[in-house]
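K.L.:
Structure in structure tokens, see below.
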Amino acid sequence: MKKLISIILFLAVVFTMFAAEKLEEVKVTDLKERLVKAGVLKDVIIQTDVVTEEEIEKKQADTVSEAVDNETGIQSATGCSMCGMKRIRINGMKGEHTTVLVDDVPMHSTVSSYYGMDALTTAGIASIEVARGSGASLIAPGAMGGVINIKFKKALKNEIITDLRYGDNDYKGLSVTGTGVINEGRTRSTVAAQYNKQGQFDADDNGVNESPEIENYSVSARVSHDFNLRNNLDVRLTTQKSDVFGGPVVSDHYGAMQGTEADDESFEGNNVNNDFNGNPLSTLEAITTKRDEAIVKWSHHLNDRINFVTSASGSKQIQDSVYEGADYYSEDETYYGDIRMNYLVHDDHLLTTGVDTKQEHLWSRSNEFYNVLGLDKDDFEMSSMGLYLQDVWTPVEAVEVSAAVRLDKINVDWTDKGDDDEIDDFVVVPRLHVRWNHGDLLVSRFSAGRGYRAPLTFFESEHGVLEDGFGIEVEDIETSMSAGYSLSLDTDRVTSTVSFNYTQVENLAIITDEHDYGYDGFALVNSDETHEIIVLDGVVGYQLFEPFNVAVSYEHFMYNDEYKTEQFLAQIEDRAKLMLDFDMEGWAASMTGTWVGGRDLTEYGYEGYDEIDDEGNVIASSMKDTDAPAYYTIDAKISKTVLDRITLYLGAKNLLDYTQTDDDVSPLMYDADGGYDVGYIWGPLRGRQIYAGIQARL
Numbered sequence: 123m124k125k126l127i128s129i130i131l132f133l134a135v136v137f138t139m140f141a142a143e144k145l146e147e148v149k150v151t152d153l154k155e156r157l158v159k160a161g162v163l164k165d166v167i168i169q170t171d172v173v174t175e176e177e178i179e180k181k182q183a184d185t186v187s188e189a190v191d192n193e194t195g196i197q198s199a200t201g202c203s204m205c206g207m208k209r210i211r212i213n214g215m216k217g218e219h220t221t222v223l224v225d226d227v228p229m230h231s232t233v234s235s236y237y238g239m240d241a242l243t244t245a246g247i248a249s250i251e252v253a254r255g256s257g258a259s260l261i262a263p264g265a266m267g268g269v270i271n272i273k274f275k276k277a278l279k280n281e282i283i284t285d286l287r288y289g290d291n292d293y294k295g296l297s298v299t300g301t302g303v304i305n306e307g308r309t310r311s312t313v314a315a316q317y318n319k320q321g322q323f324d325a326d327d328n329g330v331n332e333s334p335e336i337e338n339y340s341v342s343a344r345v346s347h348d349f350n351l352r353n354n355l356d357v358r359l360t361t362q363k364s365d366v367f368g369g370p371v372v373s374d375h376y377g378a379m380q381g382t383e384a385d386d387e388s389f390e391g392n393n394v395n396n397d398f399n400g401n402p403l404s405t406l407e408a409i410t411t412k413r414d415e416a417i418v419k420w421s422h423h424l425n426d427r428i429n430f431v432t433s434a435s436g437s438k439q440i441q442d443s444v445y446e447g448a449d450y451y452s453e454d455e456t457y458y459g460d461i462r463m464n465y466l467v468h469d470d471h472l473l474t475t476g477v478d479t480k481q482e483h484l485w486s487r488s489n490e491f492y493n494v495l496g497l498d499k500d501d502f503e504m505s506s507m508g509l510y511l512q513d514v515w516t517p518v519e520a521v522e523v524s525a526a527v528r529l530d531k532i533n534v535d536w537t538d539k540g541d542d543d544e545i546d547d548f549v550v551v552p553r554l555h556v557r558w559n560h561g562d563l564l565v566s567r568f569s570a571g572r573g574y575r576a577p578l579t580f581f582e583s584e585h586g587v588l589e590d591g592f593g594i595e596v597e598d599i600e601t602s603m604s605a606g607y608s609l610s611l612d613t614d615r616v617t618s619t620v621s622f623n624y625t626q627v628e629n630l631a632i633i634t635d636e637h638d639y640g641y642d643g644f645a646l647v648n649s650d651e652t653h654e655i656i657v658l659d660g661v662v663g664y665q666l667f668e669p670f671n672v673a674v675s676y677e678h679f680m681y682n683d684e685y686k687t688e689q690f691l692a693q694i695e696d697r698a699k700l701m702l703d704f705d706m707e708g709w710a711a712s713m714t715g716t717w718v719g720g721r722d723l724t725e726y727g728y729e730g731y732d733e734i735d736d737e738g739n740v741i742a743s744s745m746k747d748t749d750a751p752a753y754y755t756i757d758a759k760i761s762k763t764v765l766d767r768i769t770l771y772l773g774a775k776n777l778l779d780y781t782q783t784d785d786d787v788s789p790l791m792y793d794a795d796g797g798y799d800v801g802y803i804w805g806p807l808r809g810r811q812i813y814a815g816i817q818a819r820l
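Sequential numbering from 123 applies to the sequence shown in my numbering.
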């Protein structure tokens with residue numbers, strides 16, 4: 123795979139050098155854009171935040187998780203200092219409650235939300251749309267927290283974009299995106315390839331990293347063809363690979379993974395802050411994720427009022443991993459299909475109806491867990507079938523309403539747990555969105571909806587299979603109800619939005635050792651508690667003068683006690699941002715300062731120790747601090763365009779080089795029983811990263 127992608131990248135760069143003077147720009151309007159202009163398709167009414175291609179570049183975001191991090195209502199939370207597991211959380215909900223769409227098609231699952239998010243590269247992405255709240259997407263009812271919709275670049279002209287960057291801490295990257303138009307604009311293609319890497323980061327220099335090495339490769343291709351004015355076929359193919367190496371800071375990665383059987387973790391003086399002198403395999407977590415996916419869409423414009431859209435997709439994700447000496451391998455296959463009809467009843471009334479289905483199957487193997495320890499597998503099969511109806515209309519000129527309802531049949535079978543299906547249920551999923559224009563400047567948006575999700579795997583709360591095994595006592599699907607309101611102001615120089623979001627969750631899947639499964643291990647169960655999250659936020663942007671803009675935002679997250687105690691990581695409660703942008707005469711500069719408020723970690727169940735005695739018992743005086751202090755970070759970037767098509771840039775992430783280890787709080791820990799763990803996380807784990815690069819548009 124590496125050789126193939128390297129060859130493709132090399133050929134793309136060579137082609138860029140020779141093609142610049144040969145490409146002729148062609149202006150294109152594809153079938154979907156024509157349907158929108160004709161009124162047969164309408165823009166969404168729900169509040170949708172958009173991370174543009176320009177904003178992705180300002181962030182120097184190599185992955186989707188980096189691109190959406192710290193956007194309003196969103197947190198890309200790192201759940202493991204060894205493996206770098208990233209969870210994209212919306213409205214304070216868990217990562218498995220975020221649905222990821224690719225070009226409006228559901229492509230990801232609970233399984234891929236763990237290591238798949240950092241494997242999603244940004245090459246070829248035109249924008250990332252974020253809609254918050256349950257029921258945010260008509261075809262993704264599992265979006266209990268919200269939806270991230272990755273929009274791949276459309277080919278509107280002949281162009282090649284290359285970007286080469288390099289920085290300290292072994293940071294490097296190369297991306298190439300090419301778009302081409304032929305047949306008088308009827309056939310359009312986009313090809314994108316990316317390679318990026320960041321090295322291990324060990325702030326306290328004890329030989330065990332706080333942030334792992336991550337290396338990504340990806341190639342994507344999209345072809346869209348208008349057969350005539352009524353029919354369009356759109357195909358997108360992607361292959362990607364992500365390698366994560368975390369734990370011992372050693373140069374011989376292969377040797378560490380091929381070491382002898384892992385022994386107990388050994389730090390000097392039995393203190394995790396001191397030098398590690400044990401077997402590298404005992405702290406090593408290495409994960410290779412390979413993913414292939416395909417999307418096919420056919421749009422048929424029957425007449426001026428009716429069109430049909432048929433979508434089909436499939437993905438296969440393979441995880442091959444080593445967790446502190448124990449092997450784990452899994453294959454996850456997901457297939458999705460959707461057929462819908464859009465009927466323009468009249469100019470202000472659009473009716474949509476359709477049927478969709480999703481199938482997912484996880485198969486795993488492990489010599490350590492299954493053959494040696496004899497634990498049950500976490501294999502499962504999930505299927506769902508849904509019918510939906512949506513009505514979008516304008517009852518009066520200033521008000522637009524979208525009302526929808528789904529009826530879903532869902533089935534889940536943990537195949538190694540018995541012959542019966544653990545979940546077999548029908549669920550009704552309604553939603554309502556209203557947009558009210560108060561004149562030319564103010565817009566109100568109201569949303570309410572229900573979401574649901576079937577708990578699937580222990581990856582939802584642990585980043586690997588537990589050594590003592592686990593039981594499945596889940597009997598119900600998770601459900602949520604949410605409501606939101608936002609008020610937006612847009613003038614020539616001021617843009618602002620204030621919003622309120624409320625979510626209530628029932629039957630939340632949790633891990634507990636208090637159960638009736640018949641043994642003393644852990645089990646995945648439905649919580650009996652009601653969990654509530656409230657999010658208040660506001661953002662104001664102001665153009666001081668034409669090339670200079672400033673924006674400020676503030677967010678406040680409130681969780682009830684029942685929700686806090688079931689979190690794997692301490693959640694952000696208060697966050698503020700200051701954003702500055704300057705763009706004039708080829709010069710561009712941006713700076714973002716982010717402040718995160720302090721938290722009481724005991725409310726989230728944090729209890730950890732730095733030191734154990736020779737018998738493996740924790741030393742009480744080494745208990746970690748449970749008051750997470752407030753902190754702030756600064757990201758900055760400056761660029762200069764030369765020769766019209768070449769841009770040089772220089773930037774820094776986490777400019778002040780702050781990590782939680784600066785406050786003598788390592789993410790490494792011993793739990794109350796003296797067991798070693800890596801999840802005492804509340805702040806940044808990766809320090810300052812300086813980078814420079816060159817981008818060419820030809």
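The beta carbon of each residue, even a glycine, is placed where N, CA and C say it ideally should be.
Excluding sequence positions up to five away, which residues of its chain have a Cβ less than 6 Å from the Cβ of Val-620?
P.N.:
Within the sequence shown, residue 620 is the residue found at index 498, counting from 1. Excluding positions up to five away in sequence, the list reads Leu-609 and Gly-660.
K.L.:
Just to confirm before moving on: does the CB-CB distance between Tyr-445 and Glu-415 stay below 7 Å?
P.N.:
Position 323 of the sequence shown, counted from the first residue, corresponds to residue 445. Position 293 of the sequence shown, counted from the first residue, corresponds to residue 415. Going by C-beta atoms, Tyr-445 is not nearer than 7 Å to Glu-415.
K.L.:
Express the C-alpha separation of Pro-228 and Asp-749 in angstroms, rounding to a whole number.
P.N.:
As a working mapping, residue 749 is identified with position 627 in the sequence shown. As a working mapping, residue 228 is identified with position 106 in the sequence shown. C-alpha separation (whole angstroms): 39 Å.
K.L.:
Do you know how far the Cα of Lys-363 is from the Cα of Ile-337?
P.N.:
Taking the first residue of the sequence shown as position 1, residue 337 is located at position 215. Taking the first residue of the sequence shown as position 1, residue 363 is located at position 241. Checking the sequence, you will find Glu at residue 337 rather than Ile. Taking the straight line joining both Cα atoms gives about 8 Å.
K.L.:
DSSP on Tyr-237, reduced to helix/strand/coil?
P.N.:
What you label residue 237 is simply residue 115 of the sequence shown in a count that begins at 1. Here Tyr-237 sits in helix by DSSP.
K.L.:
Would you call Glu-688 buried or exposed, if buried means 16 or more other Cβ atoms sit within 10 Å of its Cβ?
P.N.:
The count along the sequence shown starts at 1 and reaches residue 688 at position 566. By the 10 Å Cβ count, Glu-688 comes out buried.
K.L.:
Ile-440 lies in the alpha helix (DSSP H); which residues open and close that run?
P.N.:
Translated into the one-based positions of the sequence shown, residue 440 becomes position 318. Taken as a continuous stretch (DSSP letters only), Ile-440 belongs to no alpha helix (DSSP H), being part of the beta strand (DSSP E) at 428–445.
K.L.:
Do the CB positions of Gly-476 and Arg-487 come within less than 7 Å of each other?
P.N.:
As a working mapping, residue 476 is identified with position 354 in the sequence shown. As a working mapping, residue 487 is identified with position 365 in the sequence shown. Their beta carbons are not under 7 Å apart, which means Gly-476 does not touch Arg-487 by this criterion.
K.L.:
Near Leu-286, which residues of its chain fall below 7 Å by C-beta distance, leaving aside the five closest residues on each side in sequence?
P.N.:
The residue given as residue 286 occupies position 164 in the sequence shown. Around Leu-286: Leu-296, Gly-815 and Ile-816.
K.L.:
So, helix, strand or coil for Leu-723, using DSSP?
P.N.:
In the sequence shown, residue 723 corresponds to position 601, counting from 1. Correct three-state label for Leu-723: helix.
K.L.:
According to DSSP, is Asp-785 part of a helix, a strand, or is it coil?
P.N.:
The sequence position of residue 785 within the sequence shown is 663, counting from 1. Asp-785: helix per DSSP, three-state reduction.
K.L.:
Would you mind stating whether Gly-573 and Ser-256 have Cβ atoms separated by less than 7 Å?
P.N.:
In the sequence shown, residue 573 corresponds to position 451, counting from 1. In the sequence shown, residue 256 corresponds to position 134, counting from 1. Yes; because the gap between Cβ atoms is below 7 Å, this pair is in contact.
K.L.:
May I ask you to report which of helix, strand or coil DSSP gives Tyr-728?
P.N.:
In the sequence shown, counting from the first residue as 1, residue 728 sits at position 606. If DSSP states are grouped into helix, strand and coil, Tyr-728 belongs with coil.
K.L.:
By the DSSP assignment, the alpha helix (DSSP H) with Ile-178 in it spans what residues?
P.N.:
Indexing the sequence shown from 1 puts residue 178 at position 56. Element bounds for Ile-178: 175–181.
K.L.:
What are the boundary residues of the beta strand (DSSP E) that includes Thr-716?
P.N.:
What you label residue 716 is simply residue 594 of the sequence shown in a count that begins at 1. Residues 709–718.
K.L.:
According to the neighbour-count rule (16 or more other Cβ atoms, all chains shown, within 10 Å of its Cβ), is His-471 buried or exposed?
P.N.:
Position 349 of the sequence shown, counting from 1, holds the residue named residue 471. It counts as exposed.
K.L.:
Would the stretch 782–801 and the stretch 259–277 be scored as touching if the rule is three or more Cβ pairs under 8 Å?
P.N.:
Judged by Cβ distances under 8 Å, the stretch 782–801 makes no contact with the stretch 259–277, as fewer than three pairs qualify.
K.L.:
Drop a sphere of 10 angstroms on the beta-carbon of Ser-340, count the other beta-carbons inside from all chains shown, and report buried for 16 or more, exposed for fewer.
P.N.:
Residue 340 sits at position 218 when you count from the first residue of the sequence shown. Answer is buried; the Cβ neighbour count reaches 16.
K.L.:
According to DSSP, what are the bridge partners of Val-620?
P.N.:
Position 498 of the sequence shown, counted from the start, is the residue given in the question as residue 620. Note: Val-620 sits in a beta bridge opposite Leu-609 and Gly-660.
K.L.:
Between which two residues does the alpha helix (DSSP H) holding Ala-248 run?
P.N.:
The residue you call residue 248 lines up with position 126 of the sequence shown. That residue, Ala-248, is in no alpha helix (DSSP H); its beta strand (DSSP E) goes 247–254.
K.L.:
Are the beta-carbon atoms belonging to Leu-242 and Val-186 less than 7 Å from one another?
P.N.:
Taking the sequence shown and counting its residues from 1, the one referred to as residue 242 is at position 120. Taking the sequence shown and counting its residues from 1, the one referred to as residue 186 is at position 64. Cβ distance < 7 Å, so Leu-242 and Val-186 count as in contact.
K.L.:
Would you list the one or two residues that DSSP bridges to Ile-461?
P.N.:
Position 339 of the sequence shown, counted from the start, is the residue given in the question as residue 461. Bridge partners of Ile-461: Thr-432 and Val-477.
K.L.:
Got a sec? Which residues, its chain only, sit under 6 Å from Val-431 by beta carbon, not counting five neighbours each side?
P.N.:
Here residue 431 is taken as the residue at index 309 of the sequence shown, counted from 1. Correct list, in chain order: Ser-421 and Arg-462.
K.L.:
Is the stretch 651–659 in contact with the stretch 673–688, if contact means three or more CB pairs nearer than 8 Å?
P.N.:
Yes, the stretch 651–659 touches the stretch 673–688.
K.L.:
Going along the chain, which residues of its own chain have a beta-carbon closer than 6 Å to the beta-carbon of Val-692, five neighbours each way excluded?
P.N.:
The count along the sequence shown starts at 1 and reaches residue 692 at position 570. According to the sequence provided, residue 692 is Ala. The question's Val does not apply to it. Once the five neighbours on either side are set aside, the close Cβ partners of Ala-692 are Arg-721, Leu-723, Tyr-726 and Trp-804.
K.L.:
Is the beta carbon of Gln-320 less than 7 Å from the beta carbon of Ala-245?
P.N.:
Sequence index remark: in the sequence shown, residue 320 carries index 198 (1-based). Sequence index remark: in the sequence shown, residue 245 carries index 123 (1-based). No, they are not a contact pair.
K.L.:
For Pro-751, which residues of its own chain have a beta-carbon under 7 Å away from its beta-carbon, when the five flanking residues on both sides are left out?
P.N.:
Here residue 751 corresponds to residue number 629 of the sequence shown, with the count starting at 1. Around Pro-751: Gly-720 and Asp-785.
K.L.:
Can you tell me whether Asn-682 is helix, strand or coil according to DSSP?
P.N.:
For this step, residue 682 is matched to residue 560 along the sequence shown. Asn-682: coil per DSSP, three-state reduction.
K.L.:
Is the beta carbon of Ile-440 closer than 7 Å to that of Leu-820?
P.N.:
The residue given as residue 820 occupies position 698 in the sequence shown. The residue given as residue 440 occupies position 318 in the sequence shown. No.
K.L.:
Suppose contacts are defined by Cβ-Cβ distances below 7 Å. Is Ala-576 in contact with Ile-632 by that definition?
P.N.:
Residue mapping note: residue 576 aligns to position 454 of the sequence shown, counting from 1. Residue mapping note: residue 632 aligns to position 510 of the sequence shown, counting from 1. No, they are not a contact pair.
K.L.:
Give the straight-line distance between the Cα atoms of Gly-663 and Ala-183, rounded to the nearest whole angstrom.
P.N.:
Numbered from 1 along the sequence shown, position 541 holds the residue referred to as residue 663. Numbered from 1 along the sequence shown, position 61 holds the residue referred to as residue 183. Whole-angstrom Cα-Cα distance: 22 Å.
K.L.:
Which same chain residues end up closer than 7 Å to Glu-503 when comparing Cβ atoms and leaving out the 5 residues on each side of it in sequence?
P.N.:
As a position in the sequence shown, residue 503 is number 381, starting the count at 1. Excluding residues within five positions, the ones whose Cβ falls inside 7 Å are His-483, Asp-535 and Thr-537.
K.L.:
Can you check DSSP and say which residues form a bridge with Met-603?
P.N.:
The residue labelled residue 603 in the question sits at position 481 within the sequence shown. The partner list for Met-603 (beta bridge, DSSP) reads Arg-572 and Gln-626.
K.L.:
State the start and end residues of the unbroken alpha helix (DSSP H) segment that holds Ser-187.
P.N.:
On the sequence shown, position 65 is the one that residue 187 refers to. Per DSSP, Ser-187 belongs to the alpha helix (DSSP H) from 186–190.
K.L.:
What span of residues does the beta strand (DSSP E) with Ala-416 cover, start to end?
P.N.:
For the purposes of this step, residue 416 is taken as the residue at position 294 of the sequence shown. Where Ala-416 is concerned, the enclosing beta strand (DSSP E) stretches over 407–423.
K.L.:
By how many angstroms is the C-alpha of Asp-598 removed from the C-alpha of Phe-644?
P.N.:
For the purposes of this step, residue 644 is taken as the residue at position 522 of the sequence shown. For the purposes of this step, residue 598 is taken as the residue at position 476 of the sequence shown. Straight-line Cα distance between these residues: approximately 18 Å.
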